[in-house]
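Residue numbers (our numbering), protein chains in the order written: chain F, 12 to 803; chain X, 271 to 1054. The structure appears below as structure tokens.
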Amino acid sequence: MYALAERLKVRIFDKNKKTAIMQKTNNHLLDGLGLVFVAGIATLAILPLAHATQIQMVLGVIAAMLLLRMIARRLSPLEAFAQLVRILIILLAVFLSIRYLIWRTFHTLPTEDPLSFVAGALLYLAEIYALAIMLIGAFVTINPLRRSIVPLPEDTAKWPSVDVLIPTYNESEELLEVTLLGALHIDYPLDKLNIYLLDDGGTLAKREQADPAQANAAHLRHRRLQALCQKLGVHYLTREKNESAKAGNINSALPRIHGDLVLILDADHVPTADFLRNTVGWFDRDPRLFLVQTPHFFINPDPIEKNLRTYEHMPSEQEMFYNNIQRGLDFWNSSFFCGSAALLRRRCLDEVGGVQGVTVTEDAETAVALHARGYHSAYIWKPMMAGLQPENFVSLVKQRVRWAQGMTQLLMLRNPLRHPGLSWYQRLSYLNCMLFWLFPFARIIFLLAPLAYLLLGLSIYNANLYQVMLYTLPHLVGGLIITDYLYGNARWIFVSEFYELLLSLFMIKPLIQVMRSPRSPSFHVTAKGEVADQDHISPLIRPVYWMLALVLCGIAAGIWRYDALPQDRDIILITLAWACFNLCMLLGALGALVERQQRRVAPRIPFEHAATLYAGGKAIACATSDLSVGGVGVLLDQQQTEQLLANRPERIAIQGLQGRAALLEVQLQTLRPMGKQVRMGFRLIVDDVAEKAEIVRLVHGDSERWRVMLRRRNRRISIMKALWFILGLMLRYVLKHFQILLPALFARRQPQLRSTLAAAPATDQQILLATGEAGEPIARRRFEVAKHHKTP
Amino acid sequence: MRRLSLPARLTGWLILLVMTLSPVLAGAMTLEQPLTQFMGGRDELSRLRGAETFFEVSVPLPARWQARELTLNLVYRNSISLLRDHSQLRVELNGLVIAQFALDPNRPEGRATIRLPLDLLQPGYNALRFAVAQHTVIGLCEDPTAPELWTHIDTQQSTLRLEYERLPVAARLSQLEEIFDRRYWQDATVHIAMAPEPLDGDQLRWGALAAQAAALRLEYVPTSVQLSQLRRAPDDEETATGRFPLLDYANLGSSDLILVGARDRLAPFLGARWASDVTEGYLAVFPRDDDPSLALLVISGRDEAEVTRAATVLSLINIPFPDASRVLVSDLTIPPAPPDSGPRHLPPGISASFAQLGVETTTLLSPLQPAHFMSRAGAALLELTQVNAARKSLVVEFWAPAGLYAGDDAHATLRLHLGYGAGLRPDSVLNLLVNGVFVRGIALDDPKGATFVDYEVRIPLSLLQAGRNQLALIAMMAPSETDFCTLRQGENLLLTVYRDSSLRLPFAGQFARLPDLRLLGRSGFPFLRDPWGGELAVRVMGKAPETIAAAWTLLGRLAQITTMPLPEALIGFTVDARDRELIAVGPLGELDPELAQAAPAMLTDPAWVNYVMLRAITDPEPIDGWLERWLARVEGWFEPRSGQVQTVTARARFHGELLDRYGALLAFESPAQPGRSVLLLTAREPALLLHRASQLVQPDYWYNMQGALTLWDERKESLRWQEPETRYTVGRGSIDHRLTHYFDHYPWALLATALALFVGLALLLLWMLRRFKRRHHPEIDREG
């Protein structure tokens, strides 16, 4: 009895234990419930149904998805109900896809002949890959986190010290000056902020290399950058040898710096003033935090956006990662270091021996190592730096090849599934990011698959049109809805397909190389700020032509087959439609590979503020329309224009966002009518560092400007609108391609004509009002920064 | 017809009298049957339309019959629009013209008596062809399909009269097919003789096996059974003549005879000499001592096992027996048979090529017969062809299991590999029919000809029947040049279907709503689930020979369905029917009260019968327990459910028996074993029971029985049937088939269930995500 009483006592009075038992029971109950739900849904996914029932079910599921999507748009994403709706939409899409996968696995694999089997199996694997990416992607983005800004303590003495590291290799002095000035503007106590330029272009090894011209150039660079740093009051660091590329550059600096935190910025990434105030607080709040990553915001279009003129009309291709995926990763404590615009805790870096350098994506590799040690990361979804994207397609391909190779290296050498220390959700998150970069294999298969049937007659997919409508179409529609729902704010549908298809043609070979030899790739710096004097076709066009020819042959063969093999019309129609889709994408590629002229190094950003122009002693009130480090655009009415043309403007006073005005010397460059107004383009005449710093502060100082710019572009449109937009885009710029290609082909036969063409002025020349370099011949692809001349 | 003069008519009558009497005088037998008996129900063919056409009758002639005379009494009518000099009717026997008549528009009715040349007759089937050439114009273009071009052979009034005598029986087991010959002109009756009472279960089983063996050898011919008891002759075995002098043939009728029994029971009748030969399972055939043209087939053995083995072997072996008069069966191994199978069984989910279904590569000709062809379609091909004989249609037969269920719009998949000729008119088409229902036409519209590989056609599963099914391919090919006055050739009207074409049933479970006598008629379901009878018990209620013979007759018919005997069926006067379906046969007075009580009508005094008052559409009853009831309820929230025809019945009670001249077949759920079925065959008294059983196995009755209760009498139009008042479901499906069945019937319930599951899972995931957030991002969680 006594023992029983004791046991009862324990049960009744040990509240903690009781709570633990209840919690355990609850957990078991929930596990059981989860099992029932999952088993029920799995049964439904596997169940063979009559066609009528299947139609009814998929229509019901798709209707539910559309309805939920509509509801979700009206809710705040932070509401619990909105989160429930989000999960539901994801589950429904996953259900449709799983049902498709089961049907695909058991009913459609070709077994007629070995060749068909191989082709069919490859297509099947590519689909499995795409599905896996979709599933893991849905997991990653199931509940994106939105972190607030953590305020710093009132007492600045308690603030940690920060070292700003700006690694550079071959970037121009002008570009670096802007970045350094931006870093100098960071709003942080001076005694706690040290800025370092880590120059890998002027290392001892570079200065003493065998080639005297290059050694001389390195000497010159070394001296000029030293002088620049001295002028700006920042530290210049270099090293003896260029070992381990960017990671080695940073690691060589670490023993010479002593801040608590390290802010790493790429050479073209100019921070806003509030960068540290918005990020440092999180380190104080979470002692296990090793990283605060912020989005990369780009003020110039990537080459595809530039060539297709989409920059101002739709979200940038990279936005999806920084808008959605990093936030999703952040929820799973897996947001990772992206190489720049990130603040790292020095102590943690030291713990793993600095930035990792086994792969060419040193950033993600470092994050894996620190996550595996149990450290946390954070992602603050607020653009606080502005960077430059590659200016031409060659550079873009180089950049993406490096990322793909690096992530593949990581997958092979630091496989997250086997890496000790990572939690299961971090493994999945990293797996998603690494697997994604294998897309070129899947894209190439999707490109060639219809041709396998149309050209070679291989049976790749054993299904008729009816079955495709019943299973494949719902899977695709579900995929479209979920993609649009999860990422539509940052990437419109089919944009991924287009970019990936285009890049795949050039990435497949480097990817195979890295798979064969995972340790071989070396770090290539992405060129920024390149210029080109006229429109031209990218030198990488050849694979697109080949693919285009193949697809056209396939379509021709399909038309012939349609007539000759009436019994196969189902599969012919499916593959023809597929090939036509690929054709559209390839035609789009033709347009995207017409490289547009690029004369301006410093991109202009929208800048609508009050300003005053001073000309001939008169002050004329006006408004600015855009601003760059090198120039400003002003909108004037007709009367104001006439006044200004009579008296050449000399200065402009620009009102900044925080009420601070800047008075700058200007020189009128261009004049272009815009409706009832006239836009005047002025070059900013900069006399000293202070003026330049003022301009940089105006352009780059305010993170709010980037947020507004992003908000303008990152808007959601309907799936159908996005589809028509993309298809229209694909076809719109094809003509431009042929406008350049045909005369060039013709000119090969007629050298005289070619020389005539070469001397012809650029097609979209602006009205030239003043002397300048616009009319001067510039090398066709000049990988150096144009020099700014000061006109007397 | 021109009227004959009186002397001529008298002479005719005299000749007829002599002809009628002559066979009697000569010991020969005479049979006369209308032509329609030989046409297999295709009387419509006897209307000959068009400029040139024909129809054919197969005249069977058993090998044991020596024809003495075969006379065709032909009655026909022709169109009054025909040109006499250019219109004619030809009668051909096995390809030789034996008579011809001018089709005279002034004498539109014709009669003729034609003695068919005996030298053209051969044992087996003889082709008697009626061909016409019919014209209304000469020298002008004529529409060969003009409606006035017709002649009608009256197949009811036209008769074939055969005078024959039986040949001595070939006492060889290798020639058993001559004894059980389906080419006899009359219905088959199997006479089984056994030692006198007491009859036991073993004898019942042996007799049943013998009856099944005979029925199986007669294939589709309805077979009735008679049981006789052996009697001993007063003769002494040593002194008397003949093989079996102790056997009294007096009560054994004048037909072939099957003697079945253990050696010791038969020895008193067949003698010690015979008994000494029976050292194992024993099968032998002899001429009857009293009539050498009749056979005596003996099935015996020393014990029950040996007799059973011998009887089973008799029904199993379908290749020629040993060429001897007797054989000893030492061993028999019966392999397991797929459940619910039959001839050319096609299991669900399995693809079978036409070759596997017994159809070789076949070239089809067009059934269209336009006149003025330069050559008849395929005529040249018939000489040169290396493929199977050219035909006008191709029929693929296969067996579908009963109760096949794979969803309401499930389909079988036909993959055709075929090629067709060039120069066809674009409206040429290959028609596909399943069990006589048109399914699909495939356009043969490429003027250059074409080859289809794996041309896929979906056949709705609802068109398939339990048991035997027929897929027919008929190529309706027209020449591209069809003008009346133009020379047309038909050698291009060819279509070849290759042997690697295939047919596949969908993956399916089996769910059948019982009772359903139609299912029984077509597939023997559920009594023949095990084709060897492993799930069947037969209870014979009453020891009258007629009662036993009725049971054997029914079992013979069941064996014909699957073409397999039922050696593993339990048969007896009292059988343990546990885990088996039960067939009970007996007269009303001897019915098992428990079974009679459970039957859908009480036929014994005091009787009751449910009378159908109304057939109405009502809410369908759920078939399978709580789950389906729940699904049905959920479905009802979304849309009105499709109704089901239900009968409103009134029950009337009577004193006295109701059946009188009717035979009754009742099917119902076993009162002792839910889910198992009982089939009850009964009639007022044993003789009537046997008579009604013999009628029941005739196609006109067998294929028209339906529902849970079928009644019939002498007239086939008397057959009546009644829907069951209560049904039960039997099925063999995996869980997914069961679920598929539910969700095909309740799609909205499926959707609601799915959404409920999704919401549940989403809520659970939300809770888990929030917990994760609380644990890993407490500061953010606090901020909300």
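Every residue, glycine too, gets a C-beta built ideally from N, C-alpha and C.
Quiz item: Just to confirm, are A229 (chain F) and G244 (chain F) a CB contact at a threshold of 8 Å?
Solution: For A229 (chain F) and G244 (chain F), no; Cβs fall outside 8 Å.
Exercise. With V189 (chain F) as the anchor, note down where its beta strand (DSSP E) starts and where it stops.
Key: Unbroken run through V189 (chain F) is the alpha helix (DSSP H), 184-195; no beta strand (DSSP E).
Quiz item: Taking the C-alpha atoms as reference points, what is the distance between P378 (chain X) and I423 (chain X)?
Solution: Rounded to the nearest whole angstrom, the C-alpha separation of P378 (chain X) and I423 (chain X) is 12 Å.
Self-check item: Residue ranges of each beta strand (DSSP E) within the region 804-875 of chain X, 3 or longer
Solution: Counting only runs of 3 or more, we get 806-810, 840-842, 851-855.
Quiz item: L467 (chain F) by DSSP, collapsed to three states: which one?
Solution: When DSSP states are grouped into helix, strand and coil, L467 (chain F) belongs to the coil group.
Quiz prompt | CB-CB length for V189 (chain F) against V640 (chain F), believed under 8 Å | solution = 6 Å
Quiz item: Buried or exposed: which applies to S349 (chain X), given that a residue is buried once 16 or more other Cβ atoms fall within 10 Å of its Cβ?
Solution: Burial call: buried.
Quiz prompt | Span separating the alpha-carbon of I1115 (chain X) from that of L594 (chain F) | solution = What the structure shows of chain X is the stretch from 271 to 1054, and residue 1115 (chain X) is not part of that stretch, so it cannot be assessed.
Practice problem: Compute the Euclidean distance between the alpha carbons of L488 (chain X) and R452 (chain X), then round it to the nearest angstrom. | Solution: 5 Å
Self-check item: Cα-Cα separation, T952 (chain X) to R885 (chain X)
Solution: Rounded to the nearest angstrom, the two C-alpha atoms are 27 Å apart.
Quiz item: Where in the region 344-424 of chain X do unbroken runs of the alpha helix (DSSP H), each at least 4 residues long, occur, reported from the N-terminal end onward?
Solution: none
Quiz item: Which residue's Cα is closest to the Cα of A460 (chain F): F:P125, F:T122, F:V129, F:H39?
Solution: F:V129
Exercise. Starting from I991 (chain X), follow its DSSP beta bridges and name the residues at the other end.
Key: Note that residue 991 (chain X) is Trp in the sequence shown here, rather than Ile. DSSP output for W991 (chain X) lists X:T980 as bridge partner(s).
Practice problem: Give me the Cα-Cα distance between M309 (chain X) and H405 (chain X), rounded to the nearest whole angstrom. | Solution: Straight-line Cα distance between these residues: approximately 27 Å.
Exercise. Can you give me the Cβ contacts of G571 (chain X) inside the same chain, cut-off strictly under 6 Å, excluding the 5 residues immediately before and after it?
Key: G551, Y552, V577, A580
Self-check item: Minimum Cβ-Cβ distance from V371 (chain F) to chain X less than 8 Å
Solution: no
Quiz item: Can at least three beta-carbon pairs, one atom from the region 812-820 of chain X and one from the region 467-479 of chain X, be found at a separation below 8 Å?
Solution: yes
Quiz item: Which value, in whole angstroms, describes the spacing of the CA atoms of A401 (chain X) and V699 (chain X)?
Solution: 27 Å
Exercise. Quick one: grab the DSSP three-state call for I144 (chain F).
Key: Three-state DSSP puts I144 (chain F) in a helix.
Practice problem: Tell me, please, which residues DSSP counts as bridged to R596 (chain X). | Solution: X:A554
Quiz item: Nearest CA to the CA of Q680 (chain F): which residue from F:A672, F:R690, F:A673?
Solution: F:R690
Exercise. Say whether chain F places a C-beta atom closer than 8 Å to the C-beta of I729 (chain X).
Key: no
Practice problem: Give the interface partners of I98 (chain F) over in chain X, defined as CB-CB distance under 7 Å, in chain order. | Solution: A1032, L1035, L1036
Quiz item: Along the chain, where does the alpha helix (DSSP H) that runs through L231 (chain F) open and close?
Solution: 223-243 is the span of the alpha helix (DSSP H), which, as asked, contains L231 (chain F).
Quiz item: Given 8 Å as the limit, is there contact between the region 383-394 of chain X and the region 333-342 of chain X, that is, 3 or more CB pairs closer than that?
Solution: yes
Practice problem: State the CB to CB distance for the pair V379 (chain F) and R454 (chain F), rounded to an integer number of angstroms; the pair is presumed to be in contact (CB under 8 Å). | Solution: The Cβ separation is near 26 Å, so there is no contact.
Quiz item: chain X beta carbons: is any one of them nearer than 8 Å to that of I570 (chain F)?
Solution: no
Practice problem: Compute the beta-carbon to beta-carbon distance between N473 (chain F) and L133 (chain F), rounded to the nearest angstrom, for a pair I have assumed lies under 8 Å. | Solution: In fact, because the Cβ distance is near 15 Å, the residues do not count as touching under 8 Å.
Self-check item: Cβ-based neighbour list, Q830 (chain X), same chain, cut-off 6 Å, excluding 5 preceding and 5 following
Solution: A distance below 6 Å between beta-carbons, with the five flanking residues on each side excluded, links Q830 (chain X) to the following residues of its chain, in chain order: A485.
Quiz prompt | Within-8 Å CB hit, V327 (chain X) to chain F | solution = no
Quiz item: So Q437 (chain F) packs on S528 (chain F), CB below 8 Å; how close in whole Å?
Solution: Q437 (chain F) to S528 (chain F), Cβ: 28 Å. No contact.
Quiz item: Can you tell me whether S636 (chain X) is buried or exposed, with buried defined as 16 or more other CB within 10 angstroms of its CB?
Solution: buried
Self-check item: Backbone CA spacing between Y514 (chain F) and I315 (chain F) [nearest angstrom]
Solution: The sequence shown places Leu at residue 514 (chain F), rather than the Tyr named in the question. Looking at the two C-alpha atoms, the distance is approximately 11 Å.
Quiz item: If we cut at 8 Å on Cβ distances, does P59 (chain F) have a partner in chain X?
Solution: yes
Self-check item: Residues, ordered as in the chain, of the region 456-470 of chain X that lie near chain F by beta-carbon distance below 9 Å
Solution: none
Practice problem: Establish whether the CB of T64 (chain F) and some CB of chain X are separated by less than 8 Å. | Solution: Among the residues facing chain X, T64 (chain F) is included, as its CB has a counterpart in that chain under 8 Å away.
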